[in-house]
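*Asks:*
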Amino acid sequence: MTQVNFTSEHNSLAAARQFDQADELAGFRAEFTFPKNSEGEPLLYFAGHSLGLMPNGAREMLNAECDAWGKYAVKGHFEADHPWARSHTFVADSLARIAGAKPGEVVAMNTLTVNLHLMLVSFYRPTRNRYKILIEKNAFPSDQYAVDSQARFHGFDPGDAIVELQPEPGRLAMTDQDVLEQIEAVGDELALVMLGNCNYLSGQCFDMRAITELGHRMGAMVGFNLAHGAGNILLDLHDDNADFAVWCCYKFLNAGPGGIAAAFVHERHHGRGDIPRFEGWWGTKEQDRFKMRRRIDPIPTAEAWAMSNPPIFQMSALRPSLELFDAATMPRLREKSVKLTSYLEWLLKENAGDFVEVMTPPHSPEKQTRGCTLSLRFRKDPRGMLQVLSEKGAVTDFREPDIIRLAPIPLYNSFEDVYRFSEIVAGFCDSV
């Protein structure tokens, strides 16, 4: 991991602009459409962890699909420039590269929580004595609802079956050792480890390989929700040996509101007849799909978990962003991300001091401890801070009771953006 150091000479707008001039990825900013204020100036957009900006190419791609619909109608499934019957395959390789997966281990389909339930059908197989699911205490609510409902579906009380990782009082994040110790503490009752990586609230990045190794040693399955990981951190799902993973694509992957989601299933589970799976016609082999046979002939890849024909407009809206990811590459994006977020953190400490507490773990040069998101706790009037940020054109979000989250996205945010954000915070700090 990159080691980042800043000095007092970097605490200026001129220094931020020098960073931008030296940034080999700076040109990607022009590939996105920024919302603007009433004067027509781009907002300081730091909410890519909730909804990524629109790639300029998305409009053209969507219009092309509308044109194909008008030109070909039903024949567009096979005769369009990007035949609809194979639209999910046009994004699969790019998603696999982002996820650190082999071709065939990733499929774009459905939405995130739907995919999570489909994975739990296959990989949460509780017994009378081994039935517990381990998640974070501050897991995203939809994850909590999903695992609670799965426990009830199998006849267990979620109050007993769901075990939550507990950070120290007053903290959002945990140490790696805390996580591993809590996995061991559940012991032989552990059926599944299912963590959000990165955690949506703290921004903490977990040691996926160590967690997977220990979970498997304990006899459990291990999966991850990568809603805040895919397109944000370096992933190595295949070599980390995770059983499954799910993620949405409308955050860091810029697929647009309600965009398509994706799932990873490790190749060792492909073609196994002893794994239960809900099935639909898009999971049958492509050459047989339109023969309308009574019995499914499952595709021997993660596509076996696909159920329905893909939503064409969602697939096409994702493609322009993935083309940008392929051009930028995740290693280069991650290197910039570390510097960009570290610069933001340093500026806040320099210019706002104790007024701002960074709840996200610090960057480590040895391993990934966080993504690009910072969760901030303000010593006084966090809602007032949020209002001032909005009035000054900075887009962030708020999580009860007092957390403001923001994400400098390396594909489109600049060092100047980060510096201007710190100026707003410093001005509010001086005024209260």
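Note that my numbering has the sequence shown beginning at 70, numbered continuously upward.
Where a beta carbon is used, it is the ideal one built from N, C-alpha and C, also for glycine.
1. Measure the Cβ-Cβ separation of residue 479 and residue 406 and say whether it is below 8 Å.
2. Can you tell me which of the three DSSP states residue 498 falls into?
3. Check this for me: beta carbons of residue 469 and residue 82, under 8 Å apart or not?
4. Rounded to the nearest angstrom, how far is the Cβ of residue 171 from that of residue 336, given a contact under 8 Å?
5. Report yes or no: do the stretch 328 to 347 and the stretch 363 to 383 share at least 3 C-beta pairs separated by less than 8 Å?
6. Evaluate residue 125 with the Cβ neighbour count: other Cβ atoms within 10 Å of its Cβ, from every protein chain shown; 16 or more gives buried, anything less gives exposed.
7. For residue 284, name the three-state secondary structure that DSSP assigns.
8. Below 8 Å on the Cβ atoms is my contact criterion, and I expect residue 397 with residue 495 to pass it. Report the Cβ-Cβ distance as a whole number of Å.
9. Contact defined as beta carbons within less than 8 Å: I believe residue 113 pairs with residue 462. What is the distance between those atoms, to the nearest angstrom?
10. If you draw a straight line from the alpha carbon of residue 226 to that of residue 219, how long is it in whole angstroms?
11. Taking just the CA atoms, how far does residue 267 sit from residue 168?
12. In chain order, which continuous runs of the alpha helix (DSSP H) of length 4 or greater are located wholly inside the stretch 222 to 254?
13. Use the C-beta contact count for residue 135: other C-beta atoms within 10 angstroms, 16 or more gives buried, fewer gives exposed.
14. Give me the residue from 140, 278, 103 and 211 with the minimum Cα distance to residue 123.
15. For residue 90 and residue 191, I'd like the C-alpha separation in whole angstroms.
16. Shorter than 7 Å, the distance from the beta carbon of residue 475 to the closest heavy atom of the ligand FAD, or not?
17. In whole angstroms, what separates the C-alpha of residue 204 from that of residue 317?
18. For the beta strand (DSSP E) that residue 466 lies in, which residues bound it at each end?
19. In whole angstroms, what is the alpha-carbon distance linking residue 158 and residue 238?
20. Bridge partners for residue 264 per DSSP, in chain order?
21. Exposed or buried, which one is residue 401 when buried takes at least 16 other CB atoms within 10 Å?
22. What do you get for residue 117, buried or exposed, if any count of 16 or more other CB atoms within 10 angstroms of its CB means buried?
23. Hey, out of 73, 466 and 149, whose CA is closest to residue 442's CA?
24. Using beta-carbon positions only, say whether residue 127 and residue 325 come within less than 8 Å of one another.
25. Take the Cβ of residue 403 as the centre, count every other Cβ of all protein chains shown within 10 Å, and call the residue buried at 16 or more, exposed below.
26. Please confirm if the stretch 350 to 365 is in contact with the stretch 292 to 308, defined as three or more CB-CB distances below 8 Å between the two stretches.
27. Rounded to whole angstroms, what's the CA-CA distance from residue 272 to residue 438? Just pull it up for me.
28. Do residue 319 and residue 75 come within 8 Å of each other at the CB atom, strictly closer than that value?
*Replies:* Considering the structure as presented:
1. yes
2. Looking at residue 498 - three-state DSSP - the assignment turns out to be helix.
3. no
4. 6 Å
5. yes
6. exposed
7. Residue 284 falls in the helix class under three-state DSSP.
8. That pair is no contact at about 31 Å.
9. The C-beta distance from residue 113 to residue 462 rounds to 6 Å, short enough to fall under 8 Å.
10. 10 Å
11. 13 Å
12. 227 to 230
13. exposed
14. When each option's Cα is compared against that of residue 123, the closest is 103.
15. 49 Å
16. No copy of the ligand FAD occurs in the structure displayed, which carries no ligand at all.
17. 18 Å
18. 466 to 468
19. 46 Å
20. 293
21. exposed
22. buried
23. Looking from the CA of residue 442, the closest CA among 73, 466 and 149 belongs to 466.
24. yes
25. buried
26. no
27. 9 Å
28. no
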